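As structure tokens, the structure follows; a few thoughts come after it.
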Amino acid sequence: MATAFYLACKMEESPQHIRLVVSEAHHQWPDLVMADISKLGECEFWLISEMNSQLILHHPYRSLSELQQTFALTTDEASLASSIINDHYLTDLPLLHAPHVMAITAIILAVTLRPNQANLQAHAAATSATAVQDAMQALGRPQLGSSKVTKLIDWLAESSIDMAAVAECTQEMISLYETWESYVEKDCKDRINRFVKALGLDK
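Under the UniProt record's numbering, the letters of the sequence shown match residues 1 to 203, in that order.
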């Protein structure tokens with residue numbers, strides 16, 4: 001993970017000194033990461049080789065920025081859409097779908113989660129699975145939504161966007177938020193520790 005972070009910083013033109021990356025990684029995972037700079041440098045070459053030097057990645061943020069003007073997204077809506085995009089990196093969606101598909105998904109969720117100014121504060125704290133499901137139901141009833149939702153639906157109908165992919169991304173994000181609602185880190189760690197001990201991997 002430290003090597004991937006180090007390499008990603010280089011590719012995003014935000015390089016970090018190798019000593020700093022190794023030091024932070026060793027601080028976070030003292031049992032897993034050795035404070036050996038040469039190891040990270042060696043792993044970097046292995047990682048580049050495994051990826052066949054295909055290191056240029058396209059992110060949904062650029063599509064979001066361009067579509068923000070098209071749909072006249074407010075600052076709050078754009079911020080929520082950006083947060084949803086951040087969350088999608090915790091799933092396998094970046095490996096399965098094109099960046100613009102995820103950008104559209106994030107906009108759909110952001111617009112329907114924040115249908116009017118009165119609801120902005122209600123959704124500011126967190127994105128719950130229930131809220132996401134309600135949002136998708138509202139999207140299917142444009143007469144109940146805002147003109148922005150109607151415009152979004154019309155735009156999607158005229159576009160060549162793969163709606164099946166958008167639906168899959170939406171469902172995946174709903175599943176992610178549902179998992180977060182019931183996730184307890186301590187319980188997860190305890191189960192992993194029991195699993196490791198049961199297999200004798202702690203020796």
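By construction, the Cβ of each residue, glycine as well, lies at the ideal position given by its N, Cα and C atoms. Since this is a predicted model, take the numbers as computed values, not measurements.
Classification of residue i by the beta-carbon crowding that lies within 10 angstroms, buried from 16 upward
i, result
"TYR189", "Per the sequence shown, the amino acid found at residue 189 is Lys instead of Tyr. With fewer than 16 other Cβ atoms within 10 Å, it is exposed."
"residue 208", "Coverage of the chain is limited to positions 1 through 203, which leaves residue 208 absent and any answer about it impossible."
"ILE174", "buried"
"GLU181", "exposed"
"MET73", "Contrary to the premise, residue 73 reads as Leu rather than Met in this sequence. Counting Cβ neighbours within 10 Å, LEU73 comes out buried, since at least 16 surround it."
"VAL184", "exposed"
Cβ shell of residue i (< 6 Å), same chain only, five flanking positions each side left out
i, result
"ALA81", "LEU64, ALA106, ILE107, ALA110"
"MET11", "LEU55"
"CYS9", "PRO15, GLN16"
"GLU172", "THR91, LEU93"
8 Å Cβ shell around residue i - same chain, five flanking residues per side excluded
i, result
"LEU7", "GLU44, LEU47, ILE48, LEU55"
"ILE161", "HIS100, VAL101, ILE104"
"LEU90", "LEU176"
"TRP155", "THR70, PHE71"
Short CB-CB distance (under 7 Å) between residue i and chain C
i, result
"SER63", "The structure shown contains no chain C, having only a single protein chain."
C-alpha gap between residue i and residue j, whole angstroms
i, j, result
"ASP36", "ALA2", "12 Å"
"ALA25", "ASN52", "25 Å"
"residue 216", "VAL21", "Residue 216 is absent from the model: the chain starts at 1 and stops at 203."
"PRO30", "SER23", "10 Å"
"MET163", "GLU13", "34 Å"
"MET34", "GLU178", "36 Å"
"GLY200", "ALA98", "41 Å"
"ASP187", "LYS197", "15 Å"
"SER147", "LEU96", "31 Å"
"PHE5", "PHE195", "28 Å"
"LEU57", "GLU50", "15 Å"
"LEU152", "GLN68", "11 Å"
"GLU158", "HIS27", "52 Å"
"THR150", "ARG62", "23 Å"
"ASN193", "LEU32", "15 Å"
Neighbourhood of residue i by C-beta, 7 Å cutoff - its chain only, sequence neighbours within 5 removed
i, result
"MET102", "PRO60, ILE85, HIS88, LEU93, CYS169"
"ILE18", "TYR6, ILE37, LEU40, GLY41"
Under the three-state DSSP convention, the category residue i falls into
i, result
"SER49", "helix"
"LEU152", "helix"
"TYR183", "coil"
"HIS100", "helix"
"GLN16", "coil"
"residue 205", "Given that the chain is displayed from residue 1 to residue 203, the structure contains no residue 205 and the question cannot be resolved."
"MET11", "helix"
"TYR89", "coil"
"MET173", "helix"
"GLY41", "helix"
"ARG194", "helix"
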